[in-house]
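> Protein chains in written order, with this note's numbering: chain A, 6 to 558; chain B, 390 to 1427.
1) Expressed to the nearest angstrom, what Euclidean distance is found between the alpha-carbon atoms of residue 164(A) and residue 226(A)?
2) The alpha helix (DSSP H) spanning residue 1276(B) covers which residue range?
3) Residues in the stretch 248-262 of chain A with C-beta within 8 Å of chain B's C-beta atoms, listed in sequence order?
4) For residue 1405(B) and residue 1396(B), which I take to be in contact (beta-carbon distance under 8 Å), what is that distance rounded to the nearest angstrom?
5) With a threshold of 7 Å between beta carbons, is residue 1004(B) in contact with chain A?
6) Between the C-alpha atoms of residue 687(B) and residue 1308(B), what's the straight-line distance to the nearest angstrom?
7) CB-CB under 6 Å to residue 1385(B), same chain, minus the five flanking residues each way: which ones, in chain order?
8) Please list the segments of the alpha helix (DSSP H) lying wholly inside the stretch 782-835 of chain B, counting only runs of 4 or more residues, in order along the chain.
9) Let me know if residue 1210(B) comes out buried or exposed under the rule of 16 or more other beta-carbons within 10 Å of its beta-carbon.
10) Can you list the beta strand (DSSP E) stretches of 3 or more residues lying completely in the stretch 1291-1360 of chain B, in chain order?
11) Given that residue 115(A) touches chain B, what residues does it touch there, using C-beta distances under 7 Å?
12) Using beta carbons (cut-off 7 Å, strictly below), is residue 972(B) in contact with chain A?
13) Cβ atoms of residue 1057(B) and residue 1080(B): under 7 Å apart, would you say?
14) List the DSSP bridge partners of residue 841(B).
15) Does any residue of chain A have a CB that is nearer than 7 Å to the CB of residue 830(B)?
16) Just to make sure I have the definition right: I need the residues of chain A whose C-beta is within less than 8 Å of the C-beta of residue 1115(B). Which are they?
17) Over what stretch of residues does the beta strand (DSSP E) that includes residue 762(B) continue unbroken?
18) Within the same chain, show all residues whose beta-carbon is closer than 7 Å to that of residue 563(B), passing over the 5 residues directly before and after it, in chain order.
19) May I ask you to list, following chain order, the residues of the stretch 947-965 of chain B that have a beta carbon less than 9 Å from some beta carbon of chain A?
20) Could you say which of 962(B), 816(B), 979(B), 1031(B) lies nearest to residue 1016(B) if we only look at CA atoms?
21) Between residue 560(A) and chain B, is there a C-beta pair that is closer than 7 Å?
22) Would you verify that the beta carbon of residue 275(A) is, or is not, closer than 7 Å to some beta carbon of chain B?
23) Note the first and the last residue of the continuous alpha helix (DSSP H) segment covering residue 360(B).
24) Just verifying my parser: in three-state terms, what is the DSSP assignment at residue 748(B)?
25) Would you list, in chain order, the members of the stretch 984-999 of chain B that have their beta-carbon closer than 8 Å to a beta-carbon of chain A?
26) Could you confirm whether any beta carbon from chain A is found closer than 7 Å to the beta carbon of residue 931(B)?
27) Name the chain B residues whose beta carbon is nearer than 7 Å to that of residue 51(A)?
28) Nearest to residue 995(B) by CA position, among 1003(B), 982(B), 989(B), 1013(B), is which residue?
29) Check whether the Cβ atoms of residue 189(A) and residue 504(A) lie closer than 7 Å to each other.
30) Can you tell me the Cβ-Cβ gap for residue 1061(B) and residue 47(A), rounded? I've got them flagged as a contact below 8 Å.
31) At a CB distance below 8 Å, what residues from the stretch 34-68 of chain A approach chain B? Give them in sequence order.
32) Tell me the rounded alpha-carbon separation between residue 1368(B) and residue 1362(B).
33) In the DSSP output, which residue or residues are listed as bridge partners for residue 369(B)?
34) Report yes if the CB atom of residue 385(B) is closer than 7 Å to the CB atom of residue 850(B), and no otherwise.
35) Listed from N- to C-terminal order along the chain, which residues in the stretch 345-362 of chain A have their beta-carbon within a distance smaller than 8 Å of any beta-carbon of chain B?
36) Any idea what DSSP makes of residue 1139(B), helix, strand or coil?
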């Protein structure tokens, strides 16, 4: 009996000891739970257009890249409104905290552990870029209080602190990306980086670019430092042929890896109403704004590559028509009218040309299945630099940067070599010719050739053109810094953004004011984090019209 | 006892086989019947001569007198006692019969946790037993459905009335708001997998148009339906805390113990059983046929809303619904052999079931084989083994949105739906437009968008029992349960959803391999009058499920269903592998002293789902236990003397804790998910793990009383229980600042309280006629006392399947809560009216609009027997419990609901205008007149239609099952020859339902059985109601 008990005890001891090991199998066998950072990296790149393109559908209408096309269309977003109780405009939030969010933290921590500074640096740069975008979009956001296992309510950080935090992140990224690469035997950054192919120098340039954005946004503040902005620009993307450009390509083999604006995914529509180019961009490109003429010589050669012509080619500018905010296209109801504004997908195109097939030929400019979505370009940096130089009153150098910016954009359209993942070139059939370039740059007067003639308006409007169709968030920052069409260019005594027209009335909750920020995502914050919104006054119906810290003096 | 019976049986069999010339003439046999336990005479015992079917009952001194001849078999039956049969021998003139107290009644032995047989009298909790015969006679494919009404405290919900549909069963209410509330199934001591495929595990989470599957459109069955009802000896339902405390995580929602039939020693028996059933669906949502297609009163045959003009007189209407459905035909055959000798018994069975549903194409086919054998290797060592194989095929019909049922309802009645094909075999659209201009014709849908599931399942176990000593026996068991399930879902290239992608195919293969090991030792020792039983043991489970899924688009051949027929670049695949292990060490101590019983249980459980690769200190272990006391006052001589009318009484008290681990594996560490975006790779999934997760703990209190009066003819079993479940584990939607969209968290408190009552009685017992009656009553109230982490609410997005209504939990709500939109009111409760339109306005926020828990349920099971006839029926009554009639709301917004028939009546909706004065002393009364006929937005604008208007509190009385059987008397059989027994049965299921519900069938589920929490029960959208079925069958024994 005693012996039996002893055996039983020994047996149970062994049993208990072995059990923990036996039970230690809670590791997913179908998907790694601690993947290499380079396996996570590609998803971080492809998650960027997801958020920016989703939300651009709405922001593009605030900034009038395009507008709602339906006749008499008092679209909420044309009127600077928002949909209460909806996740519309909530995708930057999703991208910041979910799409990238904790994944970037993982990439950074894991690569720091293995001394792969290039990967960690690239991760930090993406993090800095994401938070810069998110704060410019939403104002105060969660920055320090994040990602805790047993916490469901989170605190936000003021915008000035987020700005400083992004600055610090960029410096850390630059530090990491400047360190000599160690041979670790572990997978290199190039394995997961289909944008820069693992080149830390380009990532460092990108990080400087974020610093340039960060510092240039503070132009209305007494603390604004043009020299710093210029310095950051000089260290940022520097190749006029765009080899440094941060462009996200697409594979376009199925819905999930195709460009969101492409014909296959069919997203340039809202309840069957196709979005149409605004009159503002049409006027910028057809000669109206710069030269007061739409005659052939006055038109910008980029016009036929960026915008789509209607069938009404005898309208005086080659058939390019646009719409005004909150009005839509008066001819849209007719199915035969030649006066209808064409869709962004192509000349004389009014409906989706190819919804169920991937094709390289359908669509136009940035609105195709397999074209890149730019995140930062050389020309963008040059315009930031030009503005800083202009503010510093160094007009001679401002002119150079400004002309580089325009040239950079022309090259961006003309580029057909070494586009990541073999994506389609952006130009329409034939490149912009040397003669066209010469006419624009030196002859017809659209692009200033002398420092004396250069105005801040020239810089900002050319920047608007260069960022059209992709740089929505930076353009919105610019428009807010210049208070849309309110700030006057002293040189012309016209608004800096001349011809930018507000809708005749704003959305009802705006109480007559234009939008200044976007409310945090509904199905994240307005449902689950209400106490914090209360603290920031974000429950007010017109919270979205409250000016941002960065635009205020 | 058993040996004597065997002997008697053998002798009687020999006698039966003797030539008739040797048999004597009929004579009178006299005798008396005594109770086995106290030797007292029993009054009212029915004595039947099985040859002649003549009956008598015993007198007050237990005396009887009956005519019989040599070889006749006499049957003695009495409520509360085992039936006794004896064969009259030559010498028998005066006989004395001892009747033993029945098992399976309020007393006797019952199989409980881990196959341990226990005396009912000593159990501190109530135990419900349903006999296999009762289950088999209902002729249901899925045996879960036959438990409805038979088990107090059980709520059985089927997902639809089609063959192969899944069913859920919830015992005593949902304790987990976001976890699994399905009980554990245990067959012959081995856990039996009851998974229902969750569509989250498929590569295609939506159809080509992005409409999410979310467990709404397709049903994959619940795997407990693989059990052949004819193989079931009995089913024991453990809801009691002690039992669940022994099974821990897996049994936290209750345990259903299925014991299968075993062979009996003696001459072998062959049983053949068949059944032929015809079913017809007879309950449909109603639609109006007054107004035709159009908008705002203007005819337009190119829209699918019915707000047009009245159909002109003389319009030909087609009976599309009647044409579409067919009479379902079900046939079942089962054959079993059993026998044994010298300590060895076996039973071999095979069955075939084919159920062709009421919708053409829909069908369920099942073939089962099972062998049970047991033998005694030595005096001390016994071996039991069983193996079973099941093969089933389900031909599926989609449900929910875009199901053929809904399409049937909205299809114009002035169009003959049977015209769904062009002469060349292509799809014909009734409006003549493109394939995406109108949803699929139901005929097209069922014939061209076919789905199918096939299952092959093999289970087996070996169990060894060794008696070391009289007081110590050890049992060891190994069980295997494995199956493969393959299936697909297709949308034809010409169908509404398939057209955009040129056809769409999604398929999967699920392989499940579960292994169970257990060992336990039972020690029985008495010290004086104190009887002690100690059970100690361990149980190890190893569960593996592997799901490979694939999808493809753009079919080459229009009508060919294969991944090879899709365009290579559209093909995608995904693998889901779930592996978990669970170890439990349990002990259960029972002490019996005279009329007092004490029971103590303690279990330590280790669950792999709590371990972490990154936090090695995280312990998988947790403990729980139970304490139970009961006393039987009627065992006290004084009580018995003082209250002789009280035949039996037991008082019980039980307290237990149960731990429930995470409901899914890999919820602790990072959950990366493979992405199909450009460049591929991994990123963190929607649901975030949580390294701090700990088990959900339920504390249960259970009080009960059982008594029997009127000479054991009336029995009452009453239970009150209260369950408090703490630290709910759920994947909750929270702020994205967690880094995820859903996040595993712990917390909250859910309470379930309720009563269960079972009355058993024999209202009539006479010489020829017996009426047995069982009445089950239960009521459960589940409330959410605290929300995890003070979250404002939690909802199950799968249940948000139509309009804005969804299963939502928040503090103070009932567990069956549905939240949805209702109409805005002012502070005085007056309806607010939109001054611009004159319509009421919904709150666009989720309000508490319904509680799906019934007020109470009653099951009444009647059994009448007269001569060889037996009539059995089961009435199921439910009072209250809300159902969201989403079908009706859907029809309403299309102008098809009969509620829209008064559209030409001008009206002013009573209420006050929302003009800023609504909360002042003098609100503006609404005086805006409207005629919906001209302004259909009244019916169609979501802001003006409230889900709350389509909530119905449902009462029902349904005749679940009824069967009439006739057992042929033995003397008739003798003339036939080889037959030992023959029974003819006529039965019916779901014959009628009396209900206040305006829709078709309120007992449906908007989702399939894989959903968690309370799931989609009580959401009626696009599911076929239970058809009524009439069956004929024979049973022969050789």
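Ideal Cβ placement from N, Cα and C applies to all residues, glycine included.
Put simply:
1) Counted from its first residue, the first chain places residue 164(A) at position 159. Counted from its first residue, the first chain places residue 226(A) at position 221. Distance between the alpha carbons of residue 164(A) and residue 226(A): 14 Å.
2) The residue you call residue 1276(B) lines up with position 887 of the second chain. Segment 1275-1283, the alpha helix (DSSP H) holding residue 1276(B).
3) 253, 254, 255, 256, 258, 259, 261, 262
4) Counted from its first residue, the second chain places residue 1405(B) at position 1016. Counted from its first residue, the second chain places residue 1396(B) at position 1007. That pair is a contact at about 3 Å.
5) Here residue 1004(B) corresponds to residue number 615 of the second chain, with the count starting at 1. False, the Cβ-Cβ gap to chain A never drops below 7 Å.
6) Along the second chain, read from residue 1 onward, the residue named residue 687(B) stands at position 298. Along the second chain, read from residue 1 onward, the residue named residue 1308(B) stands at position 919. Looking at the two C-alpha atoms, the distance is approximately 39 Å.
7) Here residue 1385(B) refers to the residue found at position 996 when the second chain is read from its first residue. Excluding residues within five positions, the ones whose Cβ falls inside 6 Å are 1344.
8) 793-799
9) What you label residue 1210(B) is simply residue 821 of the second chain in a count that begins at 1. Residue 1210(B) is buried by the Cβ-count criterion.
10) 1340-1342, 1345-1356
11) In the first chain, the residue the question calls residue 115(A) occupies position 110. Here the premise fails: no neighbours, minimum Cβ distance about 11 Å.
12) In the second chain, counting from the first residue as 1, residue 972(B) sits at position 583. By this cut-off, residue 972(B) is an interface position.
13) Taking the first residue of the second chain as 1, we reach residue 1080(B) at position 691. Taking the first residue of the second chain as 1, we reach residue 1057(B) at position 668. Yes; because the gap between Cβ atoms is below 7 Å, this pair is in contact.
14) Working through the second chain from its first residue, we reach residue 841(B) at position 452. 784(B), 877(B).
15) Residue numbering aside, residue 830(B) sits at position 441 when the second chain is read from its first letter. False, the Cβ-Cβ gap to chain A never drops below 7 Å.
16) For the purposes of this step, residue 1115(B) is taken as the residue at position 726 of the second chain. Chain A residues near residue 1115(B): none, gap ~15 Å exceeds 8 Å.
17) Residue mapping note: residue 762(B) aligns to position 373 of the second chain, counting from 1. That run of the beta strand (DSSP E) goes 752-765.
18) Along the second chain, read from residue 1 onward, the residue named residue 563(B) stands at position 174. Contacts found: 570, 1171, 1204, 1402, 1403.
19) 958, 959, 961, 963, 964, 965
20) Translated into positions along the second chain, residue 1016(B) becomes position 627. Cα-wise, what sits closest to residue 1016(B) is 979(B).
21) The structure shown does not extend to residue 560(A), since chain A is modelled only from 6 through 558, so no value can be given for it.
22) The residue labelled residue 275(A) in the question sits at position 270 within the first chain. Not one chain B Cβ lies under 7 Å of residue 275(A).
23) Nothing can be reported for residue 360(B): it is not among the residues displayed for chain B, which extend from 390 to 1427.
24) Position 359 of the second chain, counted from the first residue, corresponds to residue 748(B). If DSSP states are grouped into helix, strand and coil, residue 748(B) belongs with coil.
25) 995, 996, 997, 998, 999
26) On the second chain, residue 931(B) is found 542 positions in, with the first residue counted as 1. It does not; no Cβ of chain A falls within 7 Å.
27) Position 46 of the first chain holds residue 51(A). Within 7 Å Cβ-Cβ: 1066, 1067, 1068.
28) Within the second chain, the letter at position 606 stands for residue 995(B). Comparing Cα positions, the closest option is 1013(B).
29) Looking up residue 189(A) in the first chain gives position 184. Looking up residue 504(A) in the first chain gives position 499. Against a cut-off of 7 Å, the Cβ pair of residue 504(A) and residue 189(A) comes out as no contact.
30) As a first step, residue 1061(B) must be located in the second chain, where it is residue number 672. As a first step, residue 47(A) must be located in the first chain, where it is residue number 42. At roughly 13 Å, the Cβ-Cβ gap does not stay under 8 Å, so residue 1061(B) and residue 47(A) are not in contact.
31) 34, 35, 36, 37, 38, 39, 40, 44, 45, 46, 47, 48, 49, 50, 51, 52, 55
32) Working through the second chain from its first residue, we reach residue 1368(B) at position 979. Working through the second chain from its first residue, we reach residue 1362(B) at position 973. For residue 1368(B) and residue 1362(B), the distance between alpha carbons rounds to 6 Å.
33) In the structure displayed, chain B extends from 390 to 1427; residue 369(B) sits before or after that span and is not available.
34) Because residue 385(B) is not part of the residues shown, which for chain B are 390 to 1427, the question remains open.
35) 360, 361
36) Here residue 1139(B) corresponds to residue number 750 of the second chain, with the count starting at 1. Strand at residue 1139(B).
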